[in-house]
Amino acid sequence: MTETVILRGAKIATLASHQPSYGMIEDGALVLSGGQIQWVGSQKDLPPDYCNHDGMDLDGRLITPGLIDCHTHVVFGGDRAQEFEMRLHGASYEEIARAGGGINSTVCATREADLALLLHSALPRVDAMISEGLTSLEIKSGYGLECKAELTMLRVAREIARCRPVTVKTTYLGAHATPPDYKEREDAYIDEVVIPTLHAAHKEGLVDAVDGFCEGIAFQPEQIARVFDAATALDLPVKLHAEQLSNLGGAKLAASYGALSADHIEYLDEDGVAAMAKAGTTGVILPGAFYTLRETQQPPIDLLRSYKVPMALASDCNPGSSPLTSLLLTMNMGCTLFRMTPQEALAGVTRNAAKALGLTDRGVLAAGMRADLAIWNVEHPAELSYRIGFNPLHKRIFGGQV
Ligand code: DI6
Ligand code: FE
């Protein structure tokens, strides 16, 4: 027997598709049972069956879908505060990467750590996200760059879902950077490490999707294509770090594989946007990396809008380019840096983030959806994007559990 919980007296931003204004229901009620939303609507329309149930009166608070971070690298060893300092003394992100720092310095620290240590260092970051109403997140590998450490990272990601009330979707990112032992032998790295490790990780049930970094400092489109071919043969969906620092046509390549998402996309052109629209690929906007790297090239928000490419927003939480564990701040940055609207920002961390992860049972508040909710001490959903450094979360409900 699962208990039925009625939430009354709430404003509800359902984010249900094709409804303007957040799909808002003023004076709404929501019925949860069996871990699912049974009913949502205006309080006056609450079916008589539910009227006698005890409920929680929310006193006009706002309910939104639980927040979803669809692009994170929260599992890693060490930190890169020193590189932050170097950048402030004039070195660029690319210079540091080419000099063996950057992603590779995190690779050394990650290889040295064991599962327990990686878990111990990742949990506070995940807890910070949960404290702001997060209920699902994606976690990538990509700091092991050898079979053993990549598998460990993915096992840590699975372990996080056992230690905390949160859904984790794992992404294998073996093609993130070339490790020092394969310097200038990218093709050999792909054939000898990336693809065999994908098979090993898949066999252990550790992979929900496959990602790569398509960039001058990382991998060329034809190398990424080989990884995507291997993923497709295993029936795994793909996504791509594309057009972050330059335009190599990564988003178009990803779209040709029916990718879930193309992420970063500051340098994306109209051709790429059109390909994404056609393939139903979500654009994942990562303002934390743009901000941290002091980028000036803006993602083509207007083009994405006009081609109706769904836009998600994510933290890109990682030790180098986005040491960010706040989706609320991410929303604020999406609005202030890129002129996204507060409604786009909220859809970006709920409905469209779910789409970017291929999750069809969450991200909007409707009957039959998973009961993942965030309840906020705010009057209007725009406040979630508007305030900076303030956490108005009242309660979080994960799979119907408060
Ligand atoms: N793009 C990014 O922003 C992160 N990875 C990637 O492919 C950066 C990762 C890092 O600097 O550690
Ligand atoms: Fe990333």
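Under this note's numbering, the first residue of the sequence shown carries the number 11, and numbering increases by one thereafter.
The C-beta atom is built at its ideal place from N, Cα and C for all residues, glycine as well.
Please read these numbers as outputs of a predicted model, since none were measured by experiment.
DSSP links Met-66 through a beta bridge to Leu-17. With contacts defined as CB atoms closer than 8 Å, Thr-120 and Met-163 qualify as a contacting pair.
By the C-beta density criterion, Arg-349 is exposed, having fewer than 16 other C-beta atoms within 10 angstroms. Sequence-distant partners of Met-139 (beyond 5 residues in either direction) whose C-beta falls short of 7 Å from its own C-beta, in its chain, are Asp-79, Leu-147, Thr-335, Leu-337. Phe-229 and Ala-241 have their C-alpha atoms roughly 16 Å apart. In the DSSP assignment, Phe-238 falls within the alpha helix (DSSP H) that extends over 231-243. In the three-state scheme derived from DSSP, where H, G and I count as helix and E and B as strand, Met-34 is classed as strand. Assigned with DSSP and collapsed to three states, Phe-86 falls in coil, not helix or strand. Counted as a single uninterrupted DSSP element, the beta strand (DSSP E) harbouring Glu-148 occupies residues 144-150.
The beta-carbon distance between Ala-363 and Gly-373, rounded to whole angstroms, is 6 Å. This is short enough to meet the 8 Å contact definition. Taking the Cα positions, Arg-236 is about 45 Å away from Ile-22. For the set Asp-137, Lys-213, Gly-87, Pro-30, the Cα lying nearest the Cα of Ala-126 is the one of Gly-87. If you draw a straight line from the Cα of Asp-281 to the Cα of Gly-260, it is about 11 Å long. In its chain, beyond the 5 residues on either side, Gly-87 have a beta carbon closer than 7 Å to the beta carbon of Ala-123. For Ile-113, the CB falls within less than 7 Å of some heavy atom of ligand 1. In the displayed model, Cys-80 falls within coil according to three-state DSSP, outside both helix and strand.
Within the same chain, and ignoring the five residues on either side of Trp-49 in sequence, the residues whose Cβ sits closer than 6 Å to its Cβ are Val-41, Ala-377. Val-359 places its beta carbon less than 8 Å from that of Met-341. In this structure, His-390 has its CB at a distance of at least 7 Å from all heavy atoms of ligand 2. DSSP lists no beta-bridge partner residue for Pro-57. In the three-state reduction of the DSSP assignment, Val-283 falls in the helix class. In the DSSP annotation of this structure, the continuous segment of the beta strand (DSSP E) that includes Met-321 starts and ends at 321-323.
A Cβ-Cβ distance of about 6 Å is found for the pair Leu-25 and Pro-75, placing them in contact under the 8 Å criterion. In this structure, Asn-401 has its beta carbon at no less than 7 Å from each heavy atom of ligand 1. Taken through DSSP and simplified to helix, strand or coil, Leu-367 comes out as coil. Annotation note: the stretch 148-183 contains the following uninterrupted alpha helix (DSSP H) runs of length 4 or greater, listed N- to C-terminal: 157-173. Between Ala-322 and Val-294, the CB-CB gap stays under 8 Å. Closer than 7 Å to some heavy atom of ligand 1: that describes the Cβ of Pro-329. The straight-line gap separating the alpha-carbon atoms of Phe-408 and Trp-386 is approximately 15 Å. Taking 7 Å as the cut-off, the C-beta of Asp-326 counts as close to a heavy atom of ligand 2.
A residue is called buried when at least 16 other Cβ atoms come within 10 angstroms of its Cβ; Ser-102 does not meet this threshold and is exposed. Selection Gly-44, Gly-152, Glu-36 evaluated against Cys-327 yields Gly-152 as nearest (Cα-Cα). Exclusion of His-209 from the 7 Å shell around ligand 1 follows from its C-beta lying no nearer than that to any non-hydrogen atom of the ligand.
Excluding residues up to 5 positions away in sequence, Gln-233 lie with their Cβ nearer than 8 Å to the Cβ of Asp-197 in the same chain.
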